[in-house]
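J.: Read in order, the letters of the sequence shown are residues -23 to -1, 1 to 619 in mature numbering (1 follows the signal peptide of the UniProt record, and there is no 0). Beta carbons are placed, not taken as given, at the ideal position from N, Cα and C, and that holds for glycine. None of these values were measured; they are calculated from a predicted model.
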Amino acid sequence: FSFLQERLRHMLVLLFLLHGTDSFYVPGVAPINFHRNDPVEIKAVKLTSSRTQLPYEYYSLPFCHPSKITYKAENLGEVLRGDRIVNTPFQVSMNVEKKCEVLCNLPNKPVVLTVEQSKLIAERIREDYYVHLIADNLPVATRLEFYSNREEEEKKKEKDVQFEHGYRLGFMDGNKFYLHNHLSFILYYHREDVEESQEHTYRVVRFEVIPQSIKLEDLKADEKSMCTLPEATGSAPQEIDPTKENQLLFTYSVHWEESDIKWASRWDTYLTMSDVQIHWFSIINSVVVVFFLSGILSMIIIRTLRKDIANYNKEDDIEDTMEESGWKLVHGDVFRPPQYPMILSSLLGSGIQLFCMILIVIFVAMLGMLSPSSRGALMTTACFLFMFMGVFGGFFAGRLYRTLKGHRWKKGAFCTATLYPGVVFGICFVLNCFIWGKHSSGAVPFPTMVALLCMWFGISLPLVYLGYYFGFRKQPYDNPVRTNQIPRQIPEQRWYMNKFVGILMAGILPFGAMFIELFFIFSAIWENQFYYLFGFLFLVFIILVVSCSQISIVMVYFQLCAEDYRWWWRTFLVSGGSAFYVLIYAVFYFVNKLDIVEFIPSLLYFGYTALMVLSFWLLTGTIGFYAAYMFVRKIYAAVKID
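So, in structure tokens, the structure goes:
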């Protein structure tokens, strides 16, 4: 995929060069060229912790303030993620070294933390918070070096390097809290090729930090705000005692290094994952399993159906002597409209809306348009796409509602536009109230909430109505057989035809095809990792669609053979069976991988998990329902019915 992306990028660059422009980059992420001594602004994004899942803004802790605090205007995705990008007092200039400088307050007047502030910092250190800064839109990373389990000789030669996003606020030793009050910034630049007469230009290609905790007495500072760092062996860390006032200095140093990394590949460091082999293995594994099972299922179903249809279409004289059995028996009832057709068509409409949104988002992201460098772009795109896909959701829901002999199309359209989004909004609003109570930046501000409501009722609702109107006016789906006046009796069903057994059986295959990908998605959401393997995700999505369709067809075939014609709701429920396994996996992930102990973080985790499971159920249920509906129409069109 990277090769294809490179080729695409090169072609686009060539095209734009032909048009006389310099080069082409995705909007909003064009490179910034710096000259020597140009200021490189360091901004703060937020504080995060995977233990509490509550982001806080940078100045919620008593860090040094600049003379004027200015917040960057943010897009919808950044606000929903809890980013609050703000300026900081760090003075960094391109390619200018700084040995050690005091950040605020003069050396003879250190920062005094009140008891409240000390308590708050100690609390955040205990909760394992990380601080996230950015320089030229690159997030700061902490380098972790460790020896991998290689052979002994190789061990001596090379260490494995991985990067942690952000830097730890501090650390604990026993019951004592220590704050990282000195930051050593290491910035890497790439020197651009220019004409001989021109001044060199530089681009920032990596931003690392080494956080240190150094006691006030060990930081020897002069009147010019310069300081000297103690020898590494003899220095004591800066303790924060939550029971009394604490004095300390915030200091930083800047070191520049030249790098061969080009600007275009500067994000690779942050996205390096040691598990790409696992990924390929899991994808190939699921592809093989799914296609193997698909092949078997298709063969069995096609052979059985051919036999069935051949038997059913034999000469009448034979048929008279033979007692009818199997799915042909229920031909007069198979298209009988189910209970609650309005709710069924509304849920399927929302499922279509989700399906279109997810397909487009993953496809666009796979082409590299929604890279992590354009912050919040993925979420913003998903929100807007969901609103605009309302027209397709409405159309399919309206047409199905007409097929199911529904008459109140206006009520049906309103139900489609409000049922699923209403549940999502309700759960998010309740969770948001808890986040507000914690004063976290993860709480959606009131104006953003009003904006989302306006989008829902101003864009999504009218589009759903528009789609529903045209869908309802269109010819209903053509059912190949007539429905009898009197419904036939359903024979007693075997235990394995139970709904819940069906859900358990049908969920295994789609879930097995995608559960490794689920692990990476969960890590991205709950452990502040970057998720970027959208090429893999697109493959997994295709596999999911195929496996859901097949399982759904098999289940509906068995059900009709058992002479149970109430398949509409059942197919929708059973096809979404993999959502039940996603829920179980989420509980397993919570218990084994996350270190969450408090009530509100647990509530957030399970609240958002419930939304994911609901959306996933709608998505897989819709895929399965339409596959089964097409299948049922096909098989009944193939038999001759008197």
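Pull the bridge partners of PRO16 from the DSSP assignment, please.
T.: Looking up residue 16 in the sequence shown gives position 39. Looking at the DSSP assignment, PRO16 forms a beta bridge with SER70.
J.: Pick helix, strand or coil for SER202, following the three-state DSSP scheme.
T.: Stepping through the sequence shown from its first residue, residue 202 is reached at position 225. Coil, per DSSP.
J.: Which of the three DSSP states is assigned to VAL458 in this structure?
T.: The sequence position of residue 458 within the sequence shown is 481, counting from 1. Looking at VAL458 - three-state DSSP - the assignment turns out to be coil, as it is neither helix nor strand.
J.: Cβ atoms of GLY554 and ALA483: under 7 Å apart, would you say?
T.: Your numbering for residue 483 matches position 506 in the sequence shown. Your numbering for residue 554 matches position 577 in the sequence shown. Cβ distance < 7 Å, so ALA483 and GLY554 count as in contact.
J.: For the beta strand (DSSP E) containing MET149, list its first residue and its last residue.
T.: The sequence position of residue 149 within the sequence shown is 172, counting from 1. Counting along the chain, the beta strand (DSSP E) containing MET149 begins and ends at 147 to 150.
J.: Would you call GLY151 buried or exposed, if buried means 16 or more other Cβ atoms sit within 10 Å of its Cβ?
T.: Your numbering for residue 151 matches position 174 in the sequence shown. Result: exposed.
J.: CB LEU160 to CB TYR107, shorter than 7 Å?
T.: Residue numbering aside, residue 160 sits at position 183 when the sequence shown is read from its first letter. Residue numbering aside, residue 107 sits at position 130 when the sequence shown is read from its first letter. No; because the gap between Cβ atoms is not below 7 Å, this pair is not in contact.
J.: Buried or exposed: where does ARG450 fall if 16 or more other Cβ atoms within 10 Å of its Cβ makes it buried?
T.: Counted from its first residue, the sequence shown places residue 450 at position 473. Exposed, by the Cβ-count rule.
J.: First and last residue of the beta strand (DSSP E) that includes ASP245?
T.: Position 268 of the sequence shown, counted from the start, is the residue given in the question as residue 245. Here ASP245 belongs to no beta strand (DSSP E); instead the alpha helix (DSSP H) covers 245 to 248.
J.: Assuming CYS81 and PRO66 are in contact, meaning their beta carbons sit under 8 Å apart, how far apart are those beta carbons, in whole angstroms?
T.: Your numbering for residue 81 matches position 104 in the sequence shown. Your numbering for residue 66 matches position 89 in the sequence shown. Sure, about 6 Å apart at Cβ, within 8 Å.
J.: Suppose you measure from the CA of SER202 to the CA of PHE518; what does that come to, to the nearest Å?
T.: Position 225 of the sequence shown holds residue 202. Position 541 of the sequence shown holds residue 518. Between SER202 and PHE518, the C-alpha separation is close to 56 Å.
J.: Could you check where the alpha helix (DSSP H) with VAL138 kicks off and where it finishes?
T.: What you label residue 138 is simply residue 161 of the sequence shown in a count that begins at 1. Where VAL138 is concerned, there is no enclosing alpha helix (DSSP H), although the beta strand (DSSP E) it sits in stretches over 137 to 142.
J.: Which residue wins for smallest C-alpha separation from HIS142, given the options GLU104, GLU185, ASP170?
T.: Along the sequence shown, one-based indexing puts residue 142 at 165. It is GLU185 whose Cα lies nearest to the Cα of HIS142.
J.: Can you look up CYS360 in the DSSP assignment and give me helix, strand or coil?
T.: Numbered from its first residue, the sequence shown carries residue 360 at position 383. DSSP places CYS360 in helix when its eight states are reduced to three.
J.: Using DSSP bridges, identify the partner residues of ILE163.
T.: What you label residue 163 is simply residue 186 of the sequence shown in a count that begins at 1. Answer is GLU185, HIS232.
J.: What whole-angstrom Cβ distance do ALA374 and SER437 have, given they're in contact under 8 Å?
T.: For the purposes of this step, residue 374 is taken as the residue at position 397 of the sequence shown. For the purposes of this step, residue 437 is taken as the residue at position 460 of the sequence shown. About 13 Å separates the two Cβ atoms, so there is no contact after all.
J.: Considering only the beta carbon of each residue, do PHE372 and GLY448 sit closer than 7 Å?
T.: On the sequence shown, residue 372 is found 395 positions in, with the first residue counted as 1. On the sequence shown, residue 448 is found 471 positions in, with the first residue counted as 1. Result yes, Cβ atoms of PHE372 and GLY448 sit closer than 7 Å.
J.: Is the beta carbon of LEU270 sitting closer than 7 Å to the one on VAL368?
T.: In the sequence shown, residue 270 corresponds to position 293, counting from 1. In the sequence shown, residue 368 corresponds to position 391, counting from 1. Contact: no.
J.: Taking Cβ to Cβ, would you say LYS20 is nearer than 7 Å to ASP60?
T.: In the sequence shown, counting from the first residue as 1, residue 20 sits at position 43. In the sequence shown, counting from the first residue as 1, residue 60 sits at position 83. It is not a contact, given that the beta carbons lie outside the stated cut-off.
J.: Beta carbon of GLU469, beta carbon of LEU306: below 7 Å?
T.: Here residue 469 corresponds to residue number 492 of the sequence shown, with the count starting at 1. Here residue 306 corresponds to residue number 329 of the sequence shown, with the count starting at 1. Cβ distance not < 7 Å, so GLU469 and LEU306 don't count as in contact.
J.: I'd like to check one pair, GLY584 with LEU31: are the Cβ atoms closer than 7 Å?
T.: Along the sequence shown, read from residue 1 onward, the residue named residue 31 stands at position 54. Along the sequence shown, read from residue 1 onward, the residue named residue 584 stands at position 607. No, these two residues do not count as a Cβ contact at 7 Å.
J.: Report the three-state DSSP secondary structure of LEU156 (helix, strand or coil).
T.: By 1-based counting over the sequence shown, the position of residue 156 is 179. Three-state DSSP puts LEU156 in a strand.
J.: State buried or exposed for ALA213, treating a residue as buried only when at least 16 other CB atoms are found within 10 Å of its CB.
T.: By one-based count along the sequence shown, residue 213 stands at place 236. It counts as exposed.
J.: Rounded to whole angstroms, how far is the Cβ of GLU494 from the Cβ of SER27, which I believe are closer than 8 Å?
T.: On the sequence shown, residue 494 is found 517 positions in, with the first residue counted as 1. On the sequence shown, residue 27 is found 50 positions in, with the first residue counted as 1. The Cβ separation is near 20 Å, so there is no contact.
J.: Across the region 563 to 575 and the region 525 to 536, are there enough close Cβ pairs to call them in contact, namely three or more that are closer than 8 Å?
T.: Output reads no: the region 525 to 536 does not touch the region 563 to 575.
J.: Going residue by residue through the region 272 to 354, where are the continuous alpha helix (DSSP H) segments of at least 4 residues, counting only ones entirely within it?
T.: Within the region 272 to 354, the complete alpha helix (DSSP H) runs of at least 4 residues are 293 to 298, 318 to 343.
J.: Are the region 391 to 406 and the region 463 to 480 in contact at 8 Å, needing three or more beta carbon pairs?
T.: The region 391 to 406 vs the region 463 to 480: no contact.
J.: Taking Cβ positions, are SER327 and GLY272 nearer each other than 7 Å?
T.: The sequence position of residue 327 within the sequence shown is 350, counting from 1. The sequence position of residue 272 within the sequence shown is 295, counting from 1. It is not a contact, given that the beta carbons lie outside the stated cut-off.
J.: Which one or two residues does DSSP pair with TYR179 in a beta bridge?
T.: Translated into positions along the sequence shown, residue 179 becomes position 202. Paired residue(s): PHE11, ARG168.
J.: May I ask you to report which of helix, strand or coil DSSP gives HIS256?
T.: Taking the sequence shown and counting its residues from 1, one reaches residue 256 at position 279. It is helical.
J.: Got a sec, what are the start and stop residues for the alpha helix (DSSP H) GLN536 sits in?
T.: Taking the sequence shown and counting its residues from 1, the one referred to as residue 536 is at position 559. First-last of the alpha helix (DSSP H) with GLN536: 511 to 538.
J.: Tell me which same chain residues have a C-beta within less than 7 Å of the C-beta of ASP218, skipping the five on either side of it?
T.: Here residue 218 is taken as the residue at index 241 of the sequence shown, counted from 1. Cβ within range, chain order: SER95.
J.: The alpha helix (DSSP H) with ARG547 in it runs from where to where?
T.: Position 570 of the sequence shown, counted from the start, is the residue given in the question as residue 547. It spans 545 to 552 - the alpha helix (DSSP H) in which ARG547 sits, taken as one unbroken run.
J.: Using CA atoms only, rank isn't needed, just tell me which of ARG280, ASP455, LEU248 is closest to PHE511.
T.: Within the sequence shown, numbered from 1, the residue matching residue 511 stands at position 534. When only C-alpha atoms are compared, the closest one is LEU248.
J.: Just reading off the beta strand (DSSP E) that VAL427 is part of, what are its end residues?
T.: Counting from one through the sequence shown, the residue named residue 427 turns up at place 450. Looking at the DSSP string, VAL427 is not in any beta strand (DSSP E); the run it does join, the alpha helix (DSSP H), is 423 to 432.
J.: In terms of residues, what are the limits of the beta strand (DSSP E) holding LYS75?
T.: Start at 1 with the first residue of the sequence shown, and residue 75 comes out as number 98. Taken as a continuous stretch (DSSP letters only), the beta strand (DSSP E) holding LYS75 covers 75 to 79.
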